[in-house]
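Peer 1: Taking our numbering, the leading residue of the sequence shown gets -5, the next gets one more, and so forth.
Cβ atoms here follow ideal geometry from the backbone N, Cα and C, with glycine treated the same way.
I have a structure here, written as structure tokens, and I will follow up with some questions on it.
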Amino acid sequence: MSDALHEQFVAIDPLNGEFYNALTLAVTAGAIVLAVLGVLYARAAILPAKRRLVVSALPAVRLLATPDTGTAQLTVTRLGQTLADPHVVTLSIENVGRHAVSSTHYDRDRPIMLDLGTPVEEILDTTSIPLRTNPAQPRFSGSVIEFGPELLKRGQKIVIQALTADRPDLENIVTEHLVDTGVEYRAPNAHPDVRSSRKTFLVVVLLFIFGVSLGAASAMAISSLSKPVPQPTLQVLEVTSSLNGTWWVLGGTGFRPNTPFVVELACYNVTRLRQPVNADKAGAFQVQIPYPEVDPFSANPCFPLVRDQSGNIITSGESYPQPSRLPPPR
């Protein structure tokens, strides 16, 4: 049989060699894609939203040591009217999101309202950080300070100091009608959101564990690629001739462990014999098959093949001449 015809019977096991390495790389690439998606999800969960404001209030500062009882020597007046227990309140509105909050994000141009629960006497100062030439000026009416609709750039902070006639209530002061913008209020001496902190910590821990697992899997995959993958081989271990016929002893190595296969003997591109075998846990087997009686005048050799249970050729062994060309019987 010609070499070209012999090569037709040679096949590659799809779970060995280059195909297996490519499959490993594909799985690793898929894991990396999932990791990237996980990081993006975590970023959305941990980092601030695209538009997000934080309204904060510092503890109110009392201007007088004690409320006015009529005997105090120090008084505070405004427009000729004495203030019984005046306080100075410091408020801030900060854009901590990733985009600016423009005037179009105020629904129907309704402002952010900060209700202090006591009459506001005066806006003492308004500062923009970073500094701006003409910072937006808040307004007040009764106990409410109004801000907006004004542009708040990314990272911009507006600090407002107001004078109140009495001690303000700073527990829940914010009323807003912003569109696509999250607003968080931080009251004085408020404890941090433990649940949010725990959620962030849990996300970070899970990402760390996932990253370590992915790194270990990738390292193992790369390590496996650097090692040679054993290829199935089939060899004629022994050929014996006697008056009863000729026998081949075939040995296979590098096959899938604990898997059944079929050994065939092909002559003239015609299958002469089939013999089932089972690879052991090391992926090896031995089988003895009779050499078929064929045309003694043919110079074409015969060679063994190994097929899987689906009929796919795994590998072929070395060719051997016809019985007429074998050693004489012993």
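Check the C-beta distance from residue 154 over to residue 85 and give it rounded, since I have them as a contact under 8 angstroms.
Peer 2: 5 angstroms
Peer 1: To the nearest angstrom, report how far apart residue 96 and residue 207 are at their CA atoms.
Peer 2: 44 angstroms
Peer 1: Any idea if residue 232 is buried or exposed, counting beta-carbon neighbours within 10 angstroms, 16 or more meaning buried?
Peer 2: exposed
Peer 1: Residue 312: buried (16+ other C-beta within 10 angstroms of its C-beta) or exposed?
Peer 2: exposed
Peer 1: Nearest by alpha-carbon distance to residue 248: which of 260, 272, 72 is it?
Peer 2: Closest option to residue 248, judged by alpha-carbon separation, among 260, 272, 72: 272.
Peer 1: Quick one: using the 10 Å Cβ neighbour count with 16 as the cut-off for buried, is residue 83 buried or exposed?
Peer 2: buried
Peer 1: Looking at residue 99 and residue 175, is the spacing between their C-beta atoms short of 8 angstroms?
Peer 2: yes
Peer 1: At what residues does the beta strand (DSSP E) containing residue 179 begin and finish?
Peer 2: 176 to 180
Peer 1: How big is the Cα-Cα spacing for residue 49 and residue 69?
Peer 2: Residue 49 and residue 69 have their C-alpha atoms some 31 angstroms from each other.
Peer 1: Considering only residues of the same chain and omitting the five flanking positions on each side of residue 116, which have a CB-CB separation below 6 angstroms?
Peer 2: In its chain, beyond the 5 residues on either side, 157 have a beta carbon closer than 6 angstroms to the beta carbon of residue 116.
Peer 1: Could you round the C-beta distance between residue 141 and residue 106 to whole angstroms and report it? I think they count as a contact, below 8 angstroms.
Peer 2: 5 angstroms
Peer 1: Whole-angstrom Cβ separation of residue 228 and residue 309, contact assumed at under 8 angstroms?
Peer 2: 6 angstroms
Peer 1: Residue 163 to residue 110, Cα distance in whole Å?
Peer 2: 5 angstroms
Peer 1: How would you label residue 200, buried or exposed, when you count the other beta carbons within 10 angstroms and need 16 or more for buried?
Peer 2: That one is exposed.
Peer 1: Can you round the beta-carbon distance between residue 58 and residue 79 to whole angstroms, since I take them to be within the 8 angstroms contact cut?
Peer 2: Under the criterion of beta carbons closer than 8 angstroms, residue 58 and residue 79 qualify as touching, at roughly 7 angstroms.
Peer 1: May I ask you to report which of helix, strand or coil DSSP gives residue 27?
Peer 2: helix
Peer 1: If you draw a straight line from the C-alpha of residue 74 to the C-alpha of residue 149, how long is it?
Peer 2: 41 angstroms
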